[in-house]
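>
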Amino acid sequence: MRQFLEAIKNIWKIEELRNRVGLTLGLLLVYRVGAQVVLPGIDSVQLSELANRTDGGGLLGILNAFTGGAFANASVFALGIMPYISVSIVIQILQTTLPYFQRLAMEGESGRAKITQITRYGTVVLAFVQSIFISLLLESYGIVLDPGFLFRFTAVVSITTGTMLLLWLGEKITEHGIGNGISLIIMVGIIAGFPNVVISEISYFQQGVRGILSELFLMLLFFLSLIHI
Numbered sequence: 020m021r022q023f024l025e026a027i028k029n030i031w032k033i034e035e036l037r038n039r040v041g042l043t044l045g046l047l048l049v050y051r052v053g054a055q056v057v058l059p060g061i062d063s064v065q066l067s068e069l070a071n072r073t074d075g076g077g078l079l080g081i082l083n084a085f086t087g088g089a090f091a092n093a094s095v096f097a098l099g100i101m102p103y104i105s106v107s108i109v110i111q112i113l114q115t116t117l118p119y120f121q122r123l124a125m126e127g128e129s130g131r132a133k134i135t136q137i138t139r140y141g142t143v144v145l146a147f148v149q150s151i152f153i154s155l156l157l158e159s160y161g162i163v164l165d166p167g168f169l170f171r172f173t174a175v176v177s178i179t180t181g182t183m184l185l186l187w188l189g190e191k192i193t194e195h196g197i198g199n200g201i202s203l204i205i206m207v208g209i210i211a212g213f214p215n216v217v218i219s220e221i222s223y224f225q226q227g228v229r230g231i232l233s234e235l236f237l238m239l240l241f242f243l244s245l246i247h248i
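Residue numbers (the working numbering): 20 to 248.
Laid out in structure tokens, this is it:
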């Protein structure tokens, strides 16, 4: 503990390191604030019902966990950074299968810059498509005040822009902050939803829905996911 406190003190003694830590914390705070910004046209009274559905686990619960609760909040960050992660995985696979991407991978810095550009464009396209389904899903939950084209258009633009803003924040953290920005954004999102997960799991345990072994397994899985990030 004493060594840990000494390390914290040393950070604030070095101006460049202090600035990097401050920038990282500031941009992560922007992310957490943005996760609370609700899309225009959402009924705040009915919105709590969506949160209850995502607390029950399943696909919606997983999506909500990786977006730090932004999905349940019907936030502009409802998709989080997941479109970028999905496109990055696809691009990595293509680098081992398609000659064009193999050539780019071997062209050094210029090739990596081209791959990064393609990944960004792919992120915009995927976020646009996924945000359409998100807007339709929100309408199906009955939490939209005035369903229709105007809400869908606003939601698609807002969510797509929110995803690209998160990508920009992650890149700025990587360039001028501490650590990998994308990984930090995902980790902070998971940690932000951890208290609600703990409360839900305690409730499940008390109701007999899950046993002690299941809870220990989930704790181990959560711990391993944080280490992997």
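Heads up, the beta-carbon is just placed ideally off N, CA and C, and yes, glycines get one too.
1) Considering Cα atoms alone, identify which of Phe147, Ala97, Thr179 and Leu188 is closest to Pro54.
2) On the DSSP bridge list, what partners appear for Ile61?
3) Closer than 8 Å by C-beta to Leu155: which residues in its own chain qualify, once you throw out the five before and the five after it? Chain order, please.
4) Using CA atoms only, rank isn't needed, just tell me which of Gly181, Gly161, Ile153 and Phe120 is closest to Val143.
5) In terms of residues, what are the limits of the alpha helix (DSSP H) holding Gln111?
6) Determine the burial state of Thr43: buried for a count of at least 16 other Cβ atoms within 10 Å of its Cβ, exposed for fewer.
7) When DSSP builds the beta bridges, which residues end up paired with Ser94?
8) Which of the three DSSP states is assigned to Gly198 in this structure?
9) Alpha carbon to alpha carbon, what distance is there between Glu128 and Arg139?
10) Taking all protein chains shown into account, decide if Asn38 is buried (16 or more other Cβ within 10 angstroms of its Cβ) or exposed.
11) Taking its Cβ as the centre, do 16 or more other Cβ atoms sit within 10 Å of Ile178, making it buried, or is it exposed?
12) Using only the alpha-carbon positions, how far apart do Leu123 and Arg131 sit?
13) Do the CB positions of Gly99 and Leu185 come within less than 8 Å of each other?
14) Buried or exposed: which applies to Gly196, given that a residue is buried once 16 or more other Cβ atoms fall within 10 Å of its Cβ?
15) Closer than 8 Å by C-beta to Gly198: which residues in its own chain qualify, once you throw out the five before and the five after it? Chain order, please.
16) Does any residue of chain C bring its CB to less than 8 Å from the CB of Leu185?
17) Given a cut-off of 8 Å, decide if Leu203 and Val49 are closer than it, judged by their beta-carbon atoms.
18) Would Pro102 and Gln136 qualify as a contact pair, given that the criterion is a beta-carbon distance under 8 Å?
19) In whole angstroms, what is the alpha-carbon distance linking Phe120 and Met206?
20) Within 10 angstroms of its Cβ, does Leu145 collect 16 or more other Cβ (buried), or is it exposed?
Looking at the atomic coordinates:
1) Per the sequence shown, residue 54 should be read as Ala rather than Pro. It is Ala97 whose Cα lies nearest to the Cα of Ala54.
2) Val163
3) Arg171
4) Gly181
5) Met101 to Leu113
6) buried
7) Val57
8) coil
9) 17 Å
10) exposed
11) buried
12) 7 Å
13) yes
14) buried
15) Thr43 and Ile192
16) In the displayed structure, chain C is absent; only one protein chain is listed.
17) no
18) no
19) 30 Å
20) buried
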